[in-house]
Each structure stands twice: as structure tokens, then as C-alpha cells.
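Everything below concerns the one structure shown next.
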Amino acid sequence: MARIGFVGLGNMGLPMAGNLTKAGHEVLGFDIGGAALEAARAAGLALGDDLAHAVREAEVVVTMLPAGPQVRAVHLGEDGILRRAAPGALLIDASTIDVATAREVADAADAAGYAMLDAPVSGGVGGAEAGSLTFMAGGSEDAFARARPVLAAMGKTIVHCGGPGTGQAAKICNNMMLGIQMLSVCEAMVLAENLGLDPAKLFEVASRSSGQCWSLTAYCPVPGPVPASPANRGYRPGFATAMMLKDLRLAQSAAQAAGSPTPLGAQAAQLYGLFAQNGNDGLDFSAIIRMMRGQAG
Ligand code: NAD
């Protein structure tokens, strides 16, 4: 069992830290947000006085932060992890951030003598609570082998994707597919409605035919066929439009940097941008079917 510093105790981080504690690790948490600290205290998580305190004796430091700027600041800042963590500590960043920042921070960690993995997750808050997240890890074989038992306390599927940044690359490629596929399902469902075809019948056909995909069979954007999908609860997330838009934009900036053509990803980013701009960023991303019906603000 390891001493673990856990930085970023938000919607995802707090239940992940809770599962590490449950598995027998000694966890010291830290967050800059009052509400997050309050919730962590209420959950009985031990808290550091500040970032340095949370990480200085840790063998492993896990970060679960909003985006690249916070990950950069927490690692590279004056009182950041690369100056305050114990020598030899393993750093695991589970946040979803841009590939370029992930590689920059991993390089700086390497120069400071720390092994680092980017290890973003899929599975949402439900997966974080259940300890069933999928981790996509980028970094050395050695760092991955050290991280595996820690990640196993928070997730079920743990994939080593390659060198630094490849975990983030896997995450944004997966979510770009998801965003595009959801749009395809919404578009087809609205066309079905307009052709006088019951969406439930289209579901019955397509879920057993070549149009089958996760957005249809596990997360259907019309109410009925998949009782657990957000469509059945007024599109309460789930996976919020704002999060989908963040990931589609990360995919677009990575695609531009790599000179890789992603015309459908670009279109998806534009459509989700429009949907979010019209006040729908807090709705589940499958609610974009409303915009296709001309019903969204
Ligand atoms: P969140 O906003 O609930 O939590 C982030 C936490 O980081 C907040 O509590 C915030 O106060 C804290 N924080 C920010 N700056 C900090 C700093 N300098 N020092 C310490 N703490 C700081 O976000 P979340 O939903 O937990 O998501 C975290 C990451 O996981 C994001 O990158 C997100 O894209 C990714 N993710 C989220 C989901 C999801 O369903 N929520 C799913 C997969 C991946």
C-alpha cells in the first residue's frame, strides 16, 4: 500500500480518492475550492494544509484537475509538485488535458527526476464512484508498472497506450468518435421522425444492424429504448455538453498541431459549440437532438 497525495477533489477526484482509501492506501488530499474541501471533509478524507503538505511525503501523487492550465500550474508553479514532492515520487495526471501540455509537464517531471504518466479516464462520475473507470496511460513501461496497482483501485480497464501524451491522445480520439457518433444517431432519429418512422422501431432495427454503436444502444438520445439514458430524465448529465465540447476542441487543436484532417470532428466541435452557446452547456450531450429538431434555444 502506498502513501498517496491526491490533488483536485472535484466530481471525479473525490470518489477516486475515496476508492484509494478503501483499498488501503494512505491518502492525503488537497483542493483550492471551498466546496470541494467541504465535501472531502464530510467524506472523511484526510486533507493537507496546502499543496506542498499533501505531496511532500507521498510515494504517488495523483492529480484530477479541470484542464491544462491548472495541471501546468500545479506541477510547474513555484510551490508546485516538481519542487515539493518527495524525490522519486510517481506522478499520475488523470485530468483530461491537451497533448502538448501533457508532454511539456512530463518532460519537466523527467528533468526533475520524477516518473510521470498521463492517465485520463473514461466512465464519468458513476465510474469514479464504482471504481470501474477506464484508464488510458501514456509514459514509460516502468512508470506504468508502478502505477498499475494504484490505478486498479480506481478502475477496471487499464491500458498502456505508449509514451508520454498517448493517454491524452487516446482519450480525445475516443471522445471525438463519440461526439460524431452521437450526432449521427440524433440526425438519423430526427430523419426517422420526419419520415413517419417511430424512433423506437429505428432503434429495434439499427441496434441489430450496421448502424449499431454505443451512442445508440447504451445512450439512446430519444426516450424509451434505453431506460437508463439521459433522454429519459430531461437530459440531466451524464456527460455534459460543456465536457464534450472541451474534448472536441482538444481534439481539434491536437489535429491542427499534427496536420491530421478531421472534417467530421471539426463539424462536431462547431455544432456542439453552437448548442452550448445557446445555453445548453449543462445538459447532457445527447440533448443536441433538440437542436436538430429546431427545439433548442
Ligand atoms: P471538477 O471541476 O469537479 O473538479 C476539479 C477540481 O480541481 C475542483 O474541485 C477544483 O477546485 C480543483 N482545482 C482546480 N485548480 C486547482 C489547483 N490549482 N489546486 C488544487 N485543486 C484545484 O472537474 P471533474 O468533473 O472532477 O473533472 C476533472 C477532470 O476529469 C477534467 O479534466 C475532466 O475533463 C475529466 N473528466 C471528467 C469526467 C466527468 O464526467 N466529470 C469524465 C471523464 C473525465
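Per this note's numbering, the very first residue in the sequence shown carries number 727; after that it's consecutive. Idealized CB from N, CA, C, for every residue including glycine. Keep in mind it's a predicted model, so treat the numbers as computed, not measured.
In this structure the segment 926-944 does not lie against the segment 958-967, because fewer than three pairs of beta carbons, one per stretch, are closer than 8 Å. Counting C-beta pairs with one atom in each stretch, the segment 800-818 and the segment 994-1005 have fewer than three that are closer than 8 Å, which means they do not touch.
One Cα belongs to cysteine 939, the other to glutamine 907, and the distance between them is close to 7 Å. Residue pairing by DSSP places aspartate 819 opposite Thr789, Asp844 in a beta bridge. When DSSP states are grouped into helix, strand and coil, methionine 1018 belongs to the helix group. Rounded to whole angstroms, aspartate 805 and phenylalanine 732 show a C-alpha spacing of 16 Å.
For the set His751, Ile758, Ala980, the Cα lying nearest the Cα of alanine 826 is the one of Ala980. Excluding the 5 residues flanking it on each side, valine 753 has same chain C-beta neighbours closer than 6 Å at Ile730, Phe732, Ala743, Leu746, Thr747, in chain order.
The beta carbon of valine 786 sits closer than 7 Å to the beta carbons of Ala728, Ile730, Ala815, Leu816, Ile818, Val876 from its chain, once the five residues preceding and following it are set aside; these are given in chain order. Contact between the segment 753-771 and the segment 847-865 is absent: fewer than 3 CB-CB pairs across the two stretches fall below 8 Å. Check the Cα spacing between glycine 794 and each of Ala832, Pro949, Met915: the tightest is with Ala832.
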